[in-house]
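Encoded as structure tokens, the structure appears first; notes follow it.
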Amino acid sequence: MASDEPAAKRRKQEVTGPNKSELDQLDDIVKTYKEKRMSVCNSVTDFKFNKKRVRMLSKEGSISENQCGGVVYWMWRDQRELKELEISFHLLLGDPGKVLPEFVKTAGIGGIVVDFCPLRLPTQWVNDVVKAVPKDVPICQVDAHNIVPCWHASPKLEYGARTIRPKIHKVLTEFLTEFPPVIKHSHVSGEKTKITRPTCYTPILVHPPRHMHDTYQILPQRAILRVRDFRSKFRESVESFIEECIIRRELSDNFCYYNNEKYDSIEGTNEWARKTLNDHAKDKREYLYARGKLEKAQTHDDLWNAAQVMAFLFCNIPDGRCMWSVCGIHDQGWAERPVFGKIRYMNYKGCQRKFAVAEFVKRYKP
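For the sequence shown, the residue numbers in UniProt numbering are 1 to 366.
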């Protein structure tokens, strides 16, 4: 009897972890990048930090040393090397707007550092925390997943890649720098093997790894620093990777950040796109599927099915790139056709000209 579970979910459960050889390779990579960090400076305290990477969310901008029991880094990732660095790790369950302020009060926390995410719910979480913590506790935010911080790349909603590209390239060298070394903190608290800077980790903010085989998560900045080493040999490929990994990626964040209430709605697209989609809303469709069939990758189109499996494995966060294909965001009107209207159209043969469809379908077949 066929399972009612989505094919993508079954596939996800069947994925096995990396073998010993793959783990050894990962260990070698981590070792190499630790050495690169140490070549920058001996300690993070000697690193010339770019203060433009951080912005204050609270009116209070300084920590009271007399009343500070530590600094919380409220992060949305794994705990990585915390144990090795003797950084205490706290797992808090519940509504961030309630549990984090309570932790700040009971632990005597003097300051909060929070990751940046442009999506609506994480933004609301941060706003709730800012309102609830004591007014004398400063809160700052770091855009840890973009190279150029979203709010620094542009102060407004950008129309497309051509408008944000020059803004990013203008300041890219200022932000695309090697990482400093991560070291043990020099001041140890009264607790054994714990330093005075506890880390608060709220599990409901954690997103699954991009790949089930991932042992280490790699920042785009690290990827770009590595890929650009091959520019002299593979210039076209490197430039294409930089365009996708930096420009298009940060354009997506720009869309979600400055269009926060409507980034996942047709109301969030341009007027011409809304009009053409509404004009063709009643056009006859060759195939009709219930939502469940689409989600379970059970359609006539093997490329759609494979893409749905891959999306389930890797892409758990909606963003501006989805709106590009569905609602014409960061695009222009094209030749009008049934169903799609003026939204950019891509058929099966068009995909075959772009990439190895057969190989992709084989790899992610439900």
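Glycine included, C-beta positions come from ideal geometry on N, C-alpha and C.
Review point. Are the beta-carbon atoms of Q141 and L57 separated by less than 8 Å?
Key: The Cβ-Cβ distance between Q141 and L57 falls below 8 Å.
Practice item. State the DSSP-derived secondary structure class of G292, mapped to helix, strand or coil. Key: Three-state DSSP puts G292 in a helix.
Review point. When the Cα atoms are used, what is the spatial distance from V44 to K51?
Key: If you take the alpha carbons of V44 and K51, they lie about 14 Å apart.
Practice item. Alpha carbon to alpha carbon, how far is N146 from R165? Give it in angstroms, no decimals. Key: Approximately 14 Å between the Cα atoms of the pair.
Practice item. Flag D27 as yes when its Cβ comes closer than 7 Å to any non-hydrogen atom of the ligand COA, and as no otherwise. Key: No copy of the ligand COA appears in this structure; indeed no ligand is present at all.
Practice item. Starting from C145, trace the alpha helix (DSSP H) both ways and give me its first and last residue. Key: Here residue 145 turns out to be His, not Cys, going by the sequence shown. H145 -> no alpha helix (DSSP H), and no H or E assigned at all.
**Study point:** Close beta carbons around P180, own chain, < 7 Å, minus the five adjacent residues each side
**Key:** So the qualifying residues of the chain are R37, V40, C41, V44, F47.
Check your understanding: Going by DSSP, which residues form a beta bridge with V71?
Key -> In the DSSP output, where bridge partners are listed per residue, V71 has G111.
Practice item. Would you check if the distance between the CB atom of F255 and the CB atom of M323 is smaller than 8 Å? Key: Contact flag set, yes.
Check your understanding: Would you call the CB atoms of V133 and G110 closer than 8 Å?
Key -> Cβ distance not < 8 Å, so V133 and G110 don't count as in contact.
Exercise for review: Can you tell me which of A358, L176, K135 puts its alpha carbon nearest to the alpha carbon of A153?
Suggested key: It is L176.
Exercise for review: Could you spell out the range, first to last residue, of the alpha helix (DSSP H) harbouring M310?
Suggested key: M310 -> alpha helix (DSSP H) spans 302-314.
Review point. Around the Cβ of G341, are there at least 16 other Cβ atoms within 10 angstroms (buried) or fewer (exposed)?
Key: Under this definition G341 is a buried residue.
Practice item. Spatial neighbours of S62 within its chain, please: CB distance less than 8 Å, with the 5 preceding and 5 following residues excluded, ordered by chain position. Key: Within the same chain, S62 has close Cβ partners P138.
Check your understanding: Where DSSP assigns a beta bridge to G341, which residues make up the other side?
Key -> G341 pairs with R337.
Check your understanding: On the premise that V148 lies in contact with E244, defined as a C-beta separation below 8 Å, what is that separation, rounded to the nearest angstrom?
Key -> Not confirmed; about 15 Å, so no contact.
Check your understanding: From T299, V309, P338, K262, pick the residue whose C-alpha is nearest to that of D279; which is it?
Key -> The closest CA to that of D279, considering only T299, V309, P338, K262, is found on P338.
**Study point:** Same chain only: Cβ atoms within 8 Å of W334, ignoring 5 sequence neighbours per side
**Key:** Taken in chain order, the residues that qualify are K342, I343, R344, Y345.
Point to revise | Per DSSP, the bridge partner or partners of C140 | key: Note: C140 is bridge-paired with M56, V113 in the DSSP secondary-structure output.
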